[in-house]
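What follows is one structure encoded as structure tokens, with my remarks underneath.
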Amino acid sequence: MRLENLYLNFGTSSPEAQAEYITAYRLRRAQDLEKIPTPKKKGVTAKSRLELTEEEKAIMKLLGIKQKDIFALRSIALEAEEEVEETGELFKEDSLDEEEG
């Protein structure tokens, strides 16, 4: 079997056959593209930035600290504060008196 026998020669076919082939191809291509999942666009989030003075910027540069490092330290500090609050509630004097009584 030869390659030229496998496919219809588009250039030698009639204009009606060409139009029919094009419409069938467009329909098949549209159906194929509907199945492909498209990535959803992410919402724009406002990044919080630090307002730093020139002195603070110079100190950060000397220490080799970046803003993302400060944000990481703040999140760790917030987690530590939450843990202290939780344990502080356990050791209140009021709660100990109620259990003994």
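Sequential numbering of the sequence shown, starting at 3, is according to the numbering used here.
Beta carbons are placed, not taken as given, at the ideal position from N, Cα and C, and that holds for glycine.
Can the beta-carbon of F12 be found closer than 8 Å to that of Y23? yes
Which of helix, strand or coil does DSSP assign to M3? coil
Just curious, the alpha helix (DSSP H) that T40 is in, first and last residue? That residue, T40, is in no alpha helix (DSSP H); it is neither H nor E in DSSP.
On the CB-based measure, 16 or more other CB atoms within 10 Å of its CB, does G103 come out buried or exposed? Residue placement at G103 is flagged as unreliable, the pLDDT there being 48, under the threshold of 50; a coordinate-derived value is accordingly withheld.
Taking the alpha helix (DSSP H) that E57 falls in, what are its first and last residues? 56 to 65
Since L52 and Q69 are thought to touch, with beta carbons under 8 Å apart, how far apart are those beta carbons, to the nearest angstrom? 5 Å
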